[in-house]
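The block underneath contains the structure these notes are about, expressed in structure tokens.
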Amino acid sequence: MASIRKTKTASGATAVQVVRYAHERIEVLKHMGSAHDEAGLAALVGAAQRWYAEHTAEGTLFGTPAVDTALVAEGVEFLGATHQLAYSTLMAAAKQCGFPVFVTPTEFFEKTL
């Protein structure tokens, strides 16, 4: 399976490559280039993703999300998201199985990571 790799070069730039790991070796399928800033790096990663989609038979696990313009409104700012539903579901399952239940999500993640 191929993946996109970012690695530092001797000049301090970040190189973007499409690689495949086979037989404990890295095989470079395509070297996309090197960037010295975040904008250039994002452009190279986008180009690598397009090349990957066009030149490999492997699909991505989640695909490319479609943007529903009906959900995007002028002047709306995304402030964040919580994972309360996932946390409460996992804690209920843990309690049902007899595992210790932590008080806060922060405490849960500090003890499990």
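Following this note's numbering, the numbering of the sequence shown begins with 55 at its first residue and continues without gaps.
Backbone N, C-alpha and C define an ideal beta-carbon position, used for all residues, glycine too.
query = Gln71 bridges to which residues according to DSSP?
reply = Mapped onto the sequence shown, residue 71 falls at position 17. Bridge partners of Gln71: Arg59 and His85.
task = If I'm right that Leu98 touches Ala89 with Cβ under 8 Å, what's the distance once you round it to whole angstroms?
result = Indexing the sequence shown from 1 puts residue 98 at position 44. Indexing the sequence shown from 1 puts residue 89 at position 35. Rounded, the Cβ-Cβ distance is 5 Å, consistent with contact.
message = According to DSSP, is Ala101 part of a helix, a strand, or is it coil?
response = As a first step, residue 101 is located in the sequence shown; it is residue number 47 there, counting from the start. The answer is helix: DSSP assigns Ala101 an H, G or I state.
query = If you check the beta carbons only, do Val1 and Lys60 fall under 8 Å apart?
reply = No statement about residue 1 is possible, as the shown extent of the chain runs from 55 to 167 and does not include it.
task = For Met55, count neighbouring C-beta atoms within 10 Å of its own C-beta (all shown protein chains included) and say buried if the count is 16 or more, exposed if not.
result = Here residue 55 corresponds to residue number 1 of the sequence shown, with the count starting at 1. Flag for Met55 reads exposed.
query = Across which residues does DSSP place Ala76 in a beta bridge pair?
reply = Locating residue 76 in the sequence shown gives position 22, counting from the first residue. DSSP output for Ala76 lists Arg79 as bridge partner(s).
key: Euclidean distance between Cα positions of Ile80 and Met86   = As a first step, residue 80 must be located in the sequence shown, where it is residue number 26. As a first step, residue 86 must be located in the sequence shown, where it is residue number 32. Roughly 16 Å between the two C-alpha positions.
query = So what's Ala64 in DSSP terms, helix, strand or just coil?
reply = Locating residue 64 in the sequence shown gives position 10, where the first residue counts as 1. Note: Ala64 maps to coil in three-state DSSP.
ask   = So which of Ala111, His109, Gln103 and His137 has the shortest CA-CA distance to Ile58?
value = Within the sequence shown, numbered from 1, the residue matching residue 58 stands at position 4. Comparing Cα positions, the closest option is Gln103.
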